[in-house]
Amino acid sequence: MLAELVEATFPDKSMRILDVAGGKGQTQAALRRAGYENVVSVDTRTKYASGRPNYRYGAFDWREPLDEVDLLVAMHPDEATDHVLLAAKHNRVPCVVVPCCIKPSATTYHLNDRAGWMAHLRRLLPEAEQQSLPIHGCNAALVYDPRGAPRPTNAAAARLFLRGFDASQLDDAAAVAVAAMIRERLTPRPECSNS
Ligand SMILES: C[S@@+](CC[C@H](N)C(=O)[O-])C[C@H]1O[C@@H](n2cnc3c(N)ncnc32)[C@H](O)[C@@H]1O
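Going from the sequence shown to the numbering used here is simple: count from 1 and add 525.
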């Protein structure tokens, strides 16, 4: 689902993507299936990151130079969440981040609820737009593009969201309404309301 959002928003398949907190590599694999060939993942866990092609072992830190990266992508990046948003902001590099658990590590954060966590992340990068993925639980995605490229329209985003359903009979307004109704039922899942 993340790869589809990336594709809808950043269709240039030659972009050099850094998949932060890549874990087992599912996001990288999905991006490659979608046609992105320049994807490198970084993760702090040796079992995932060591000795694998297109993987880097280490802690992503927003204070380090961000060279040769056109797009930052992060799916449930845990302690790297703040870092990705701050790196995007300071380097003016686009990003797509799907935050999950409340695990700030680059900044101070005292609250303990999902809404406060999202507000904290929005403050780090106010220019980011919030979208949602068609998944259960923590499905908010923060999308930032400093170049101001056109965003998918509401109808295009809704059709993306409804991928997997047969929405071909729906006109744009109906697709937007159905997607909104499903989103409402999907969020939030109680176990995602806290870290
Ligand atoms: C919940 S997993 C998500 C993995 C993957 N993106 C996915 O969706 O399946 C979080 C990952 O973040 C990694 N991580 C946490 N802080 C990090 C940092 N500063 N830099 C790189 N990886 C980090 C952890 O090692 C872990 O593999």
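In this text, a Cβ means the ideal position worked out from N, Cα and C, and glycines have one as well.
Keep in mind it's a predicted model, so treat the numbers as computed, not measured.
Per DSSP, the bridge partner or partners of residue i
i, result
"Ala-666", "Gln-656"
"Phe-535", "Note: Phe-535 sits in no beta bridge, so no partner."
"Tyr-582", "Asp-568"
"Cys-626", "Its beta-bridge partners do not exist; DSSP assigns none."
"Phe-690", "Arg-688"
"Val-621", "Val-598 and Val-668"
7 angstroms CB neighbourhood of residue i in its chain, flanking five on each side removed
i, result
"Ala-680", "Asp-697, Ala-700 and Val-701"
"Glu-716", "In this predicted model, Glu-716 has a pLDDT of only 45, less than 50, meaning its place in the structure is not dependable enough to derive any value."
"Arg-541", "Asn-563, Glu-593, Val-594 and Asp-595"
Span separating the alpha-carbon of residue i from that of residue j
i, j, result
"Ser-657", "Asp-670", "16 angstroms"
"Leu-611", "Ala-546", "15 angstroms"
"Ala-682", "Thr-633", "33 angstroms"
"Ser-566", "Lys-572", "13 angstroms"
"Gly-583", "Arg-688", "35 angstroms"
"Arg-577", "Gln-553", "12 angstroms"
"Leu-685", "Leu-530", "7 angstroms"
"Ser-539", "Leu-695", "33 angstroms"
"Ala-555", "Gly-548", "13 angstroms"
"Glu-593", "Ala-665", "27 angstroms"
"Met-706", "Ile-660", "13 angstroms"
"Gly-641", "Arg-647", "10 angstroms"
Unbroken alpha helix (DSSP H) run spanning residue i, endpoints
i, result
"Tyr-573", "571–574"
"Cys-609", "Here the sequence assigns Val to residue 609, which means Cys is not the residue at that position. Note, Val-609: alpha helix (DSSP H), 606–616."
Same chain, Cβ closer than 6 angstroms to residue i, neighbours up to 5 away in sequence not counted
i, result
"Lys-614", "Leu-650"
Range covered by the beta strand (DSSP E) that runs through residue i
i, result
"Asp-544", "542–545"
"Ala-599", "596–600"
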